[in-house]
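Enquirer: Encoded as C-alpha cells, here's the structure I'll be asking about.
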Amino acid sequence: MSPEILAKLREQYGRAILEGSTERAAEVIDQGLAAGVIPSKLYLDVLMPVQIEIGARWHRGEVTIPQEHIATQITLRQMARLRSMLKTRLKLGLKAVVSSVEGDQHFIGGQAVSDFLMVDGWEVDFLGADIPTDHMVMYVKAREAQLVCVSVALTSLVPTAQKLIAELKKLKSPPKIIVGGSAFVANPSIASTIGADAYTSDPQEAVTVARQLCGILNTENALAVYLRKLGHSVHEYRKLRGMSQQMLATTSDLDRAYISAVEHGKQNISIGAISKLAKALDLSIEELLIGADY
3 MSPEILAKLR EQYGRAILEG STERAAEVID QGLAAGVIPS KLYLDVLMPV QIEIGARWHR
63 GEVTIPQEHI ATQITLRQMA RLRSMLKTRL KLGLKAVVSS VEGDQHFIGG QAVSDFLMVD
123 GWEVDFLGAD IPTDHMVMYV KAREAQLVCV SVALTSLVPT AQKLIAELKK LKSPPKIIVG
183 GSAFVANPSI ASTIGADAYT SDPQEAVTVA RQLCGILNTE NALAVYLRKL GHSVHEYRKL
243 RGMSQQMLAT TSDLDRAYIS AVEHGKQNIS IGAISKLAKA LDLSIEELLI GADY
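What follows is the structure, given as C-alpha cells:
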C-alpha cells in the first residue's frame, strides 16, 4: 500500500475526528478498506498516529479538551470496529492484564495492545486507566496472569510504575512485565532500570515480545508459525482485492493448488514466489510480509 494513500487517509481521518464527525470518520475508514488497506494497517497506521498527534496538539494547547475527548471516543469506536474484522488465532491458554499505571488517565495505547493480544489468542483483561497499585497487584495475583502490560504516559509517573513492578515481582508466580507509553520514548533504557522485562512502543511488536517472554516461540516450529502468518496475509489481501485463488494463480504465474497450500500455511515458499504474489496483489514484498502478522 502506497505511503501516499495512508497519508491521505490520516489527513482526512484527523480532520473528521477534530470536527467531531463520527459519520465522516467511519467513511474514511470505509475508503481505506475499499482501497485494499487491511484492517490491522488502518488500525496501526491511521488511527493510532492520528490519535497520538491529537494528544500532542492538546498538550501544546492547539486542541481543546472537548475536542480531544470527542476524538478519543470516535477513535475507540473505530478501533473496536477494525478489531472485529481481525481473525483471532487459536487460544494460547495464557492470561494477560493490561492497564495504565496509577495516576495515568491515558488508555488508548493500552487498549491497542489489549486488542492485538486478544487477536493473538491471549485471554486479556483490559483494566483501563489509573489503576491503584495495590488493586493492580491483587488483581494480577487473583487472575494468575502470566503477562502484565503497563502504560505510562508521563515521566513523572515512572516512579509509580517502578513501585508497581517491584510489587508484582514479589508475587509467588511473578508475571512477565512489558511497559510502554510516551514516558519511555526519549529513553527506552529506563524500562530495564525500573525492572520491566521489556519495553515496546508498538502493539504488534508487543505481541511478539510477549510471546518471546512467555516462551511461546520456543515451543512452536518457527517456520511453521511464519508460513501460517504469510498464508493468512495472502488470503486476506486476495479477498480484499476480490480475487479468486485461480485469478491470483493466473496473475502471479503460479499453480492454483500452490496458492491454496500457501494460504493454508502448508507450502514452504521461495522469495521468488513471494515476489510474484506481492506483485499480483499490488503490494511491495515488505507490505505482504508485514501483513503476515495480522
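Residue numbers (the working numbering): 3 to 296. By construction, the Cβ of each residue, glycine as well, lies at the ideal position given by its N, Cα and C atoms. Note that the structure is a prediction, hence the values are computed from the model and not measured.
1) I believe residue 151 touches residue 180 by the beta-carbon criterion, under 8 angstroms. Please report the beta-carbon distance rounded to the nearest angstrom.
2) What is the residue span of the alpha helix (DSSP H) that residue 153 lies within?
3) Can you tell me whether residue 196 is buried or exposed, with buried defined as 16 or more other CB within 10 angstroms of its CB?
4) Kindly identify the DSSP beta-bridge partner or partners of residue 127.
5) Is residue 137 buried or exposed, if buried means 16 or more other CB atoms sit within 10 Å of its CB?
6) Taking the beta carbon of residue 173 as the centre, do at least 16 other beta carbons fall within 10 Å, making it buried, or is it exposed?
7) Buried or exposed: residue 187, going by 16 or more other Cβ atoms within 10 Å of its Cβ?
8) Measure the CB-CB distance between residue 185 and residue 155 and report whether it falls below 8 angstroms.
9) Residue 252 to residue 206, Cα distance in whole Å?
10) State the Cα-Cα distance for the pair residue 139 and residue 218, rounded to the nearest angstrom.
11) In the DSSP assignment, find the beta strand (DSSP E) that holds residue 111 and state where it starts and stops.
12) Can you tell me which of the three DSSP states residue 43 falls into?
13) DSSP state of residue 171, grouped into three classes?
14) If we require 4 or more residues per run, which alpha helix (DSSP H) segments fall completely within the segment 249 to 296?
15) Starting from residue 181, trace the beta strand (DSSP E) both ways and give me its first and last residue.
16) Take residue 130 and list the residues in its own chain whose beta-carbon comes closer than 6 angstroms to its own, dropping the five residues that flank it on each side.
17) For residue 269 and residue 22, what's the separation of their Cα atoms in angstroms?
18) Is it buried or exposed, residue 220, if we count other Cβ atoms within 10 angstroms and call 16 or more buried?
Expert: Answer, in terms of the structure:
1) Position 149 of the sequence shown holds residue 151. Position 178 of the sequence shown holds residue 180. The Cβ separation is near 5 angstroms, so the contact holds.
2) Residue 153 sits at position 151 when you count from the first residue of the sequence shown. Here residue 153 belongs to no alpha helix (DSSP H); instead the beta strand (DSSP E) covers 149 to 153.
3) The count along the sequence shown starts at 1 and reaches residue 196 at position 194. By the 10 Å Cβ count, residue 196 comes out buried.
4) The residue labelled residue 127 in the question sits at position 125 within the sequence shown. Bridge partners of residue 127: 99.
5) Sequence index remark: in the sequence shown, residue 137 carries index 135 (1-based). The residue is exposed, with fewer than 16 neighbouring Cβ atoms inside 10 Å.
6) Along the sequence shown, one-based indexing puts residue 173 at 171. Residue 173 is exposed by the Cβ-count criterion.
7) Your numbering for residue 187 matches position 185 in the sequence shown. When all chains shown are included, residue 187 counts as exposed.
8) Counting from 1 along the sequence shown, the entry for residue 185 is found at position 183. Counting from 1 along the sequence shown, the entry for residue 155 is found at position 153. The answer is yes: Cβ separation under 8 angstroms.
9) What you label residue 252 is simply residue 250 of the sequence shown in a count that begins at 1. What you label residue 206 is simply residue 204 of the sequence shown in a count that begins at 1. So the alpha carbons of these two residues sit roughly 33 angstroms apart.
10) For this step, residue 139 is matched to residue 137 along the sequence shown. For this step, residue 218 is matched to residue 216 along the sequence shown. Cα to Cα, the separation comes out at about 24 angstroms.
11) On the sequence shown, position 109 is the one that residue 111 refers to. It is not in any beta strand (DSSP E) - residue 111 instead sits in the alpha helix (DSSP H) that spans 110 to 121.
12) What you label residue 43 is simply residue 41 of the sequence shown in a count that begins at 1. Of the three classes helix, strand and coil, the one that applies to residue 43 here is helix, per DSSP.
13) Sequence index remark: in the sequence shown, residue 171 carries index 169 (1-based). Helix at residue 171.
14) 258 to 265, 273 to 282, 287 to 293
15) Here the question's residue 181 lines up with position 179 in the sequence shown. Segment 178 to 182, the beta strand (DSSP E) holding residue 181.
16) Locating residue 130 in the sequence shown gives position 128, counting from the first residue. The residues are 109.
17) To locate residue 269, count along the sequence shown from 1; it is residue 267. To locate residue 22, count along the sequence shown from 1; it is residue 20. The alpha-carbon atoms of residue 269 and residue 22 are separated by roughly 47 angstroms.
18) Numbered from its first residue, the sequence shown carries residue 220 at position 218. Low local confidence applies: a pLDDT of 48 at residue 220 is under 50, so the model's placement there is unreliable, and no value is given.
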